[in-house]
Each structure stands twice: as C-alpha cells, then as structure tokens.
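To start, the structure itself, in structure tokens.
Residue numbers (mature numbering (1 follows the signal peptide of the UniProt record, and there is no 0)): -18 to -1, 1 to 445.
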C-alpha cells in the first residue's frame, strides 16, 4: 500500500506543472509518465491504427506528449513489445508509471483522467485472472455455466452502477467503453463455451443450446467501428462470428478449419458486419489466418474466391493476391534457390552456405504480422524439441538493429531490397521454409503457428 502511494505521489508531482497551466480555454491533452526498466527509447501513441505521436524518453526515462484538440475516446500506447489502452478527452493530463518487468500489473495512473483509466486497467487484469476460473466453468453443463455467468454479470453491473453513481458527470462515451470492458469478456466466454466445453470434456458433438443461452445478443453490438480495435469488443465479435458459423451445422474443428467452414465464416462476416472498414478487416484476417493454419499453407481456392467476391477493399485484395503468388514459389521436392542474407554485423552470406549439410528451418518474418516476442517463444520451444535442426530467423526489409533479444544472435539475419529472396516474398508476409541436409525443400510455405509444424520437423529429424 505504501509503495503504491509513493508511486501516485510521484505521478502527481509530474503532473503539477501541467495542471498549473490549464484553464477553461485550454483544449490541450497531455499524456506522459515514467517507464521503469525501459525496453526502448520511446512510447508510441495510437488512435485505432493511426500513429498519433512518438514520445521519446528523457535521461530519467520520463516522457510527455501534448495533443491539441484531441478527440474523446480510446487510444493505445506501445512500448517494446507491449501495449495497453487508455481513454482520453480534451484537457486530460494523464500520467502513468509502469515497470516493463511486470508491464500491465505495474501500471498506475495519476492526474486528470486517472480514475477512468485505473478502472479500465482493473477490468483488464480481472479478465486475466478470470482465465483460471473459466477453465473450470467451461466443464459445466450449459445450464450450470449460464447460471455462473449470469451471477458474474450481476457483479459487473454493480461495479458499473457504483462508478456511475460516484461520477455523475461522466461522459456517455466513457460509460459505453466501461460497460464493454466489464461485460463483453463475459459475453465472449459465452460465445466460446460450446467449442471450449467440447475440448475440455473430449466430446465430439455440440450441446443443443436454449435460445435464452444467448440472451446477451439482444444488447451486445458487433458494429461499433470505434471499438473494433479494443480487445474486449473485438474478441467478442470474433467469438460471435465463429460460434454463429458453427451453428450452421459444422462439426468441431481443432487443428485447422475446413474449406466449407472458412467459406461459411466469410459469409457470416458479410451478413453480420455492416461497416465496410470492419467487414473488410475481418474478411482479410480470416482468409489469411486460416491459410496459415494449414501446415503447408495449401491454397483453399473456394475460400479465396469468396474473399475476393465479398471484400470491397482493393488494396487488401492486391495484398492477398501477392500472398497467393508467393505461395506458388518454392515447393516440396525442389532444390532451394540461392540468395543473399545479411547478419547483424552487416556481413553477407549465401543461404546455401548457411544451410549446407544441415536440416534447417528458415523463418522470414515481418513485425506487422508476427511479433518478436512470439517468435522468440516459439523458436526457443522448437529448438529445445529439435536440437539437431538449425533455426534461422530472417527479417524481411530489415537492418542490423533488428535483433530479437531472446534468441541467439548468430542465427539472426535480414534481407535487403536487392536480395533474390524478395522474388518469393512480394507480399512481405511471414513465411517459413523447411530444408533437409541435401538442400531439398520439404515444406515450401510452412507456418510457425501451425500445430502440424511439429510433425513436419519430426519427419525432417528422422529422415
């Protein structure tokens, strides 16, 4: 308790000079704070997908940004590989303190706008704590499960009403976000229950649900563009779409989705999401993620044809077409073509030189669709399982500064614009290539996230 009070006092001190200059005519919004054990030299502030500002840390690891005429609503900031949402409005002076060693749990807010954001981070942390509880709840029968979630929703409603009572002047916008933060994680769990219950109970068929099981749908929306980047909302929408598709008669699926399921999911998105921007985003994310779930990333022609028919975003469709063209390059049984890669000391090497007489897993990565944190976790796990396989990470359009800290620097490279590898990386999307000791491709478009990757590497090891 004393430690938290000291943190808050520190933040109040930081905000003092901001508060002293505020007046009724000032519309500026301030966002700043202090980062303990920083992972980079800056904090990036976003509104939806748009970068608002890059805020650099000073010698004391403090930062401060000023926004003129900021729109009220949700923003999010990133530092290192972590991110968190905040709610801002004009004249706020929101200051934070966080320790990257315990990122979310350490966040404390002070200043104007702090109460809002402290309750939002509390909601986030409660959702993480609920994970263990729902592991047990998902094993209950539908009737018992929904009784438990109804009780939880009553508690969430009590929290919301207490906040509203203590903050009678709160804006409608924030009250809407707070309601989503409190209730949508529960709604999301309800939508996911049918498939989660099957997995935990090892059953083959779905329970038949009463209509009242999904009574939350009467009030839960799926078409608020301003909330689509907010995890509690987007996760609910995604679970709703998948559950609605399963209800069309599909059998449960675990490792990868069937062609028919993917096509029906795309049609479900088209039917339920009315905003073009959100609809196009969900359509693209779905067709690409299902493509990557296949061990060899075989092209599901019907799914892609459905995607091209339903999407209205020309730029997205051109990007997906490039991915399909990439998938046509380098197939199983072919000899790996030679190309140049560069290490993090700017030394250049032939890929054939690196892979000669070695079973090798090549990961070409792009941070826009695969985070360094995920790569390090996955590669470290696979390396332990397959110590005789060489795991090489190659950053697409990279530089000598693009090191993944948790991985061996000797296995990290990048390609420049003049590398021959760009011929099969036109989409700039993450892809993996598996090569045996003879330099022959055993999988030309593997996915690092596929559950079938383990069997591919086992075959490589045992060859």
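Glycine included, each C-beta is placed from N, C-alpha and C at the ideal position.
Inter-residue spacing [alpha-carbon to alpha-carbon] between residue i and residue j
{"i": "residue 381", "j": "residue 361", "result": "20 Å"}
{"i": "residue 177", "j": "residue 232", "result": "11 Å"}
{"i": "residue 315", "j": "residue 416", "result": "11 Å"}
{"i": "residue 370", "j": "residue 443", "result": "7 Å"}
{"i": "residue 11", "j": "residue 84", "result": "27 Å"}
{"i": "residue 153", "j": "residue 68", "result": "15 Å"}
{"i": "residue 42", "j": "residue 16", "result": "8 Å"}
{"i": "residue 313", "j": "residue 422", "result": "9 Å"}
{"i": "residue 385", "j": "residue 221", "result": "35 Å"}
{"i": "residue 388", "j": "residue 359", "result": "8 Å"}
{"i": "residue 187", "j": "residue 194", "result": "20 Å"}
{"i": "residue 164", "j": "residue 138", "result": "6 Å"}
{"i": "residue 19", "j": "residue 82", "result": "6 Å"}
{"i": "residue 439", "j": "residue 328", "result": "30 Å"}
{"i": "residue 437", "j": "residue 364", "result": "11 Å"}
{"i": "residue 173", "j": "residue 196", "result": "8 Å"}
{"i": "residue 103", "j": "residue 89", "result": "8 Å"}
{"i": "residue 410", "j": "residue 271", "result": "15 Å"}
{"i": "residue 145", "j": "residue 73", "result": "21 Å"}
{"i": "residue 35", "j": "residue 70", "result": "14 Å"}
Range covered by the alpha helix (DSSP H) that runs through residue i
{"i": "residue 241", "result": "241 to 254"}
{"i": "residue 267", "result": "258 to 275"}
{"i": "residue 166", "result": "154 to 183"}
{"i": "residue 148", "result": "124 to 148"}
{"i": "residue 43", "result": "Looking at the DSSP string, residue 43 is not in any alpha helix (DSSP H), and its letter there is neither H nor E."}
{"i": "residue 290", "result": "283 to 292"}
{"i": "residue 375", "result": "Segment 372 to 377 is the beta strand (DSSP E) holding residue 375; no alpha helix (DSSP H) there."}
{"i": "residue 205", "result": "Looking at the DSSP string, residue 205 is not in any alpha helix (DSSP H), and its letter there is neither H nor E."}
{"i": "residue 363", "result": "354 to 367"}
Bridge-paired residues (DSSP) for residue i
{"i": "residue 77", "result": "14 and 92"}
{"i": "residue 61", "result": "64"}
{"i": "residue 29", "result": "32"}
{"i": "residue 325", "result": "395"}
{"i": "residue 428", "result": "414"}
{"i": "residue 49", "result": "11"}
Residue from the options whose Cα sits closest to the Cα of residue i
{"i": "residue 180", "options": "235, 27 and 101", "result": "235"}
{"i": "residue 274", "options": "305, 301, 216 and 293", "result": "305"}
{"i": "residue 189", "options": "130, 120, 245 and 240", "result": "120"}
{"i": "residue 340", "options": "322, 319, 310 and 373", "result": "373"}
{"i": "residue 203", "options": "40, 123, 256 and 296", "result": "256"}
{"i": "residue 252", "options": "217, 292 and 270", "result": "292"}
{"i": "residue 26", "options": "66, 295, 92 and 9", "result": "66"}
{"i": "residue 185", "options": "205, 238 and 122", "result": "122"}
{"i": "residue 522", "options": "28, 319 and 61", "result": "A query on residue 522 cannot be resolved here, the shown segment of the chain reaching from -18 to 445 and no further."}
Neighbour-count burial assignment, residue i, 16 or more Cβ in a 10 Å radius
{"i": "residue 375", "result": "buried"}
{"i": "residue 33", "result": "exposed"}
{"i": "residue 451", "result": "Given that the chain is displayed from residue -18 to residue 445, the structure contains no residue 451 and the question cannot be resolved."}
{"i": "residue 268", "result": "buried"}
{"i": "residue 428", "result": "buried"}
{"i": "residue 521", "result": "This structure gives no information on residue 521, because the portion of the chain shown stretches from -18 to 445."}
{"i": "residue 433", "result": "exposed"}
{"i": "residue 258", "result": "exposed"}
{"i": "residue 246", "result": "buried"}
Min CB distance residue i to chain B below 7 Å
{"i": "residue 366", "result": "Among the chains of the structure shown, chain B does not appear; only one protein chain is present."}
Limits of the beta strand (DSSP E) - the one that residue i falls within
{"i": "residue 194", "result": "Here residue 194 belongs to no beta strand (DSSP E), and DSSP marks it neither H nor E."}
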